[in-house]
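These notes are about the structure you will find just below.
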Amino acid sequence: MGRTRELHALEAMLAEAGNEGTALLLQGDPGVGKTALLDAVAARARTNGLRVVRVVGIESEQELAFSALHQLLHPLFEHATELPAFQRAVLEQVLSIREGPDLGRFAISVSALALLQAASRTQALSVVVDDVHWIDRSSAEVLTFMARRLSGCRTSFVMATRGGWNGFLDLKGLRVLNVGPLPASDALALLDSSHPGLAESTRRRLLEEAEGNALALVELPGQLTPSQRDGVDALPMTLPLSSRLESVFADRIRKLDAVMRFALLLTALDGQRPGNLRDIRAATVQAGQEWDESLLETGERTGLIRVDHLAEQITFRHPLVRSCVVHMSSAGRRRTAHRALAEIVQQHPERCAWHLAHAADEPDETVAVELTRAADRAQARGGAAEAAVAYRRAAELSQDPAARARRLDQAAFAAGVAGLLGTAQELAGARTAETLRSATTAAYVQFHREGDMDAVFRILLPVMEAAPRSAAAEDAEAFDDAFYVLLNAAVWAGRAELWPGVYRVVDRVSEAARMCFDCVADPARTAHDVRERLDRVTATLSPSTPLWRVNWLIYTAMYLDCFTYYDGVWRDLIGPDAYDSLRFAIVARTHEAFMRGDWDRAVAVASHGIADATVHEYNLVHVVFTYGLAMVASGRGDEEALRTYCETVADWAEPRRAQLLMSTVNECRARAAVGRGDFEEAYQLASAVTPAGELPAHHPHFQRFFLDLVESAMRTGRKTEARAHVEAGRRARLDAISPHLEVILAAATAITASGERAGELYEAALAIPDASVWTYDYARIRLLYGEWLRRRREYKAARVQLGAALELFEQRLKAPLWAQRARNGLRAAGVGVGLPQDGITAAMSAQERRIAELAASGLSNKEIGRRLNISPRTAGAHLYRVFPKLGITSRTALRDALRSLDEAQSV
């Protein structure tokens, strides 16, 4: 796998062997796949009719003269009768068949070559030699002699050795083929084929550690626990090695003296960052060892490390060397190394804390405190998985039972945030007494993995109500985290009986949490000042801001449809590493991409979110992202995909009584029904969730039904209901909540108006600042306005609006049913969409033709004006006259229309 170049070279050798002898040495790191290549060439040789003789260097036989040569000569000795008596006698003595005087190396080499030539006359040979670096000196000299003198001998000689270490083999005159690591794609294919079903996070770590080493890719997963393979438990810093993997480097490590091995252990335990050589020198002395610069040369000669003297950096040639060094060191030796490093890196608190934690062999509260601080810092940066590990180790080192319990709670919650729900549940279950943190973790798992909203309230609400009021920052953060889970459960459950419990505890949460509550609990009545409050909270953000507060902001902004406005601002203020770790930001990006008409991006982000949710068993989030895909499918009229997505949502939500999730099915089906013109179905679906004239509390998605309900009501003769719904929106001052709601309410108001007033209201809706940001709604307003103008026989103005709507639906949103509705309106307004039949077109002036060609080439009106010395407005006016002459409605159709026109005129 992934060795096409090497196999081609080996096959060429075999082809030559039928006529002329040839030799090749494969050279590469241990485990890279050299033996697999030798196996492949041996199999191919047999298929080609060659006789295969295999030789393997064995470390324990390295001191036995001619032990490897015996493997080669013995199978061929039947041909010794074809040799002169002297040469036959030499070989018999080498093989210990007879005794005799000391033989010269030249005589042995010539006799061995003669036997090879004799055997090849009967049948071409393929000699395959593995582990050349272990071959004894005497055999290596003879093999080198033969490999250089294969002319006229029908033999291919393929040998393999470790890179940088050839043992006693002399490479002069030999052709060498370097076997490097597997390319990334082939490494991934090998890992997936040998160990299918690994979690994505596990796969990434294994690929990183293996660095294309085939043996590592095959062996490493087998040393992991099932939970580690499934991604439930995090992988250790140093991966466990199989005996085969350890043996790859162990022999070279054993040959180093104690000081060099300790220096390598320090490197392995403290990382390979630039400048680490200074710390390693100092830590070696700190541990009572004597440092000698010649140690570095020794290490480099073994092929285990690289030394960059300019950067003062030691790095391992392969990540597995690091693991092997650690595994070959005793526990006591490792603790000594960690203690020495802790003394040296005190200016780096987190590194120091971890070294102290690894050095401790019994509870130590001082170390536990330092490690807890390190965990706090990691969590603030968005490293929840790393924080969970640190809190857990801090709990193990705790001497005070109360501190141990608190740190276990923190570890459990951090594990849940990191997506390690199994670990979170295990840690929460380890608690003997229930605390707010442990209850929050248990509820978090129930919410995200099981989707059991009732269990969330059973677990969390009694503990929250019983928790004493506290002004301590840690207690306030714990209460906000609990409220976050409780509020989410109430929102997605969408059931009135759960909300009283939320109201009982809401007065104890932070401003950020209260702001989010006001935005989602009863938005039509309480969300009007939330945008201003969101700006004020944003102004207080900094890299030290707790991440739980940012989750509240994301949640709030998503329901105000203003997440994109803040996304980059928050990322800069908080720091990209911490901000990008927030899973809810991905949900918000999916939602916002749909609302702004970037539907391709919505699909891409949602698909990525589904993959992540699947790996981490975030089952509710998986369904929420599926809802995102359903939104796009409904807008584009993809009924088959919509049916699949809606069934997935309903199958998960219905047995859990998750009413808000269930309502998303009605929402998407109503949107699709309006798109295909089935207004009766759309009205029934929308009004079943938000009855006409009502903006229900505890339903933050009401605005997503608003325009569909109003239009479908008007189209089905329910004008009273439509106007009642618009009036409800006016009374609730929806336009004061968010710019998007302002556009939606303005459009709905225009739909329900009569006479000249409707035209004025459509114009007012289109004139709202940045109305075009909401592409889908903006295109609908253009369409509705154009249809209204057409019904009034104002065809010229109608064509402008319908043409703009068609371009948005067709080119931007890729919504064919909506585009067809715009086309139908254009046809009714007297515009043929596409080239008119029979090639009949109105004549274009030379100026119009020139402008059309320039626009077709991609130039803007401004660029056309500059080119032809006319104003951009004049260029646009010419194009406005050209479009109906060509039967098109957008610039993107110009090129094809001009080509069709030329073809039609040339007939």
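Under our numbering, think of the first position of the sequence shown as 2, with each following residue one higher.
Beta carbons are placed, not taken as given, at the ideal position from N, Cα and C, and that holds for glycine.
These numbers were taken from a predicted model, which means no experiment stands behind them.
Need the endpoints of the beta strand (DSSP E) that GLY29 sits in, please. In the DSSP assignment, GLY29 falls within the beta strand (DSSP E) that extends over 23–29.
Since I believe ALA612 is in contact with ARG633 (beta carbons under 8 Å), could you give me their beta-carbon distance rounded to a whole number of angstroms? Before going on, a small fix: residue 633 reads as Val here, not Arg. Contact flag wrong, Cβ pair sits at about 17 Å.
Which complete beta strand (DSSP E) runs does the stretch 37–88 hold, if anything under 3 residues is left out? Qualifying beta strand (DSSP E) stretches, in chain order: 52–57.
Should SER635 and ARG670 be called a contact, given that it needs their Cβ atoms to be closer than 8 Å? Yes. Within cutoff.
Quick test of the definition: if touching needs 3 or more C-beta pairs under 8 Å, does the stretch 500–509 touch the stretch 532–550? Contact fails: fewer than three Cβ-Cβ distances are below 8 Å.
With the cut-off set at 8 Å, would you say GLY304 and GLY164 are in Cβ contact? Yes.
Note the first and the last residue of the continuous alpha helix (DSSP H) segment covering ARG657. Per DSSP, ARG657 belongs to no alpha helix (DSSP H) and is neither H nor E.
Is GLN704 buried or exposed, if buried means 16 or more other CB atoms sit within 10 Å of its CB? Burial is judged here by how many other beta carbons sit within 10 angstroms of a residue's own beta carbon; GLN704 has at least 16 and is buried.
I believe GLY168 touches ILE136 by the beta-carbon criterion, under 8 Å. Please report the beta-carbon distance rounded to the nearest angstrom. Indeed, because the Cβ distance is near 6 Å, the residues count as touching under 8 Å.
What are the uninterrupted segments assigned as alpha helix (DSSP H) that are 4 or more residues long and contained completely in the stretch 592–617, given in chain order? Secondary structure in the stretch 592–617: the alpha helix (DSSP H) runs of 4 residues or longer, each lying completely within the stretch, are 600–617 in chain order.
Neighbourhood of GLU210 by C-beta, 8 Å cutoff - its chain only, sequence neighbours within 5 removed: The answer, listed in chain order, is ALA217, LEU221, LEU240, PRO320, LEU321, SER324.
Within the continuous beta strand (DSSP E) that includes MET160, where are the two ends? For MET160, the enclosing beta strand (DSSP E) covers residues 156–163.
Which of helix, strand or coil does DSSP assign to LEU199? Looking at LEU199 - three-state DSSP - the assignment turns out to be coil, as it is neither helix nor strand.
Return the chain-ordered ranges of every alpha helix (DSSP H) run that is complete within the stretch 496–576 and spans a minimum of 4 residues. Entirely contained in the stretch 496–576, the alpha helix (DSSP H) runs reaching 4 residues are, in chain order, 500–506, 512–521, 524–527, 531–539, 548–560, 564–575.
Does the stretch 139–146 come close enough to the stretch 38–48 that 3 or more CB-CB pairs lie under 8 Å? The stretch 38–48, when compared against the stretch 139–146, does not touch it at the 8 Å Cβ threshold.
Give the range of the alpha helix (DSSP H) segment to which GLN685 is assigned. It spans 680–690 - the alpha helix (DSSP H) in which GLN685 sits, taken as one unbroken run.
Once DSSP output is grouped into helix, strand and coil, what is the label at ARG4? Reduced to three states, the DSSP call for ARG4 is coil.
At the level of alpha carbons, what is the spacing between VAL551 and VAL588? Between the C-alpha atoms of VAL551 and VAL588 there is a straight-line separation of about 14 Å.
Quick check: what's the CA-CA separation for LEU73 versus GLU62? Our two residues, LEU73 and GLU62, have alpha carbons roughly 15 Å apart in a direct line.
Nearest-angstrom Cβ-Cβ length linking THR753 and ALA723, presumed shorter than 8 Å: Rounded, the Cβ-Cβ distance is 5 Å, consistent with contact.
Mark ALA389 as exposed unless 16 or more other C-beta atoms lie within 10 angstroms of its C-beta, in which case mark it buried. Here ALA389 is buried: its Cβ has 16 or more other Cβ atoms, across all protein chains shown, within 10 Å.
Own chain, CB closer than 8 Å to THR917, minus 5 neighbours either side, in chain order: Since the first and last residues shown for the chain are 2 and 908, residue 917 lies out of range.
Quick check: GLY423 and SER228, are their CB atoms within less than 8 Å of each other? Against a cut-off of 8 Å, the Cβ pair of SER228 and GLY423 comes out as a contact.
Once the 5 residues before and after GLY384 are set aside, which same chain residues still bring their CB inside 6 Å of it? Taking C-beta separations shorter than 6 Å and ignoring five residues to either side along the sequence, GLY384 has no partners in its chain.
Could you tell me the boundaries of the beta strand (DSSP E) in which GLU177 lies? It is worth fixing the name first, because residue 177 is Val in this sequence and not Glu. Start and end: 177–179.
Is LEU342 closer than 8 Å to HIS328 when the C-beta atoms are compared? Not closer than 8 Å, so no.
CB-CB length for ALA751 against ALA759, believed under 8 Å: Yes, ALA751 and ALA759 are in contact; Cβ-Cβ is about 6 Å, under 8 Å.
Just reading off the beta strand (DSSP E) that THR316 is part of, what are its end residues? From DSSP, the beta strand (DSSP E) with THR316 extends over 314–317.
Would a C-beta distance cut-off of 8 Å place ILE555 and ALA586 closer than the cut-off? Cβ atoms of ILE555 and ALA586: closer than 8 Å.
Beta carbon of GLN28 nearer than 8 Å to that of VAL177: GLN28 is a Cβ neighbour of VAL177, given a cutoff of 8 Å.
According to DSSP, is LEU899 part of a helix, a strand, or is it coil? LEU899 falls in the helix class under three-state DSSP.
Could you say which of LEU818, GLU811, LEU827, ALA69 lies nearest to GLN802 if we only look at CA atoms? It is LEU827.
Just curious, the beta strand (DSSP E) that ARG1 is in, first and last residue? Outside the displayed span of the chain (2 to 908) sits residue 1, for which this structure offers no information.
Write down the C-beta distance between SER127 and THR23 rounded to the nearest angstrom, noting that I regard them as a contact closer than 8 Å. Contact between SER127 and THR23 does not hold, since the beta-carbon distance rounds to 11 Å and is not under 8 Å.
Use the C-beta contact count for ARG394: other C-beta atoms within 10 angstroms, 16 or more gives buried, fewer gives exposed. The residue in question, ARG394, is buried, as its Cβ has 16 or more Cβ neighbours within 10 Å.
Mind checking ALA777: buried by the 16 CB within 10 Å criterion, or exposed? Per the sequence presented here, residue 777 reads as Tyr, with Ala not at that position. Per the 10 Å Cβ criterion, buried.
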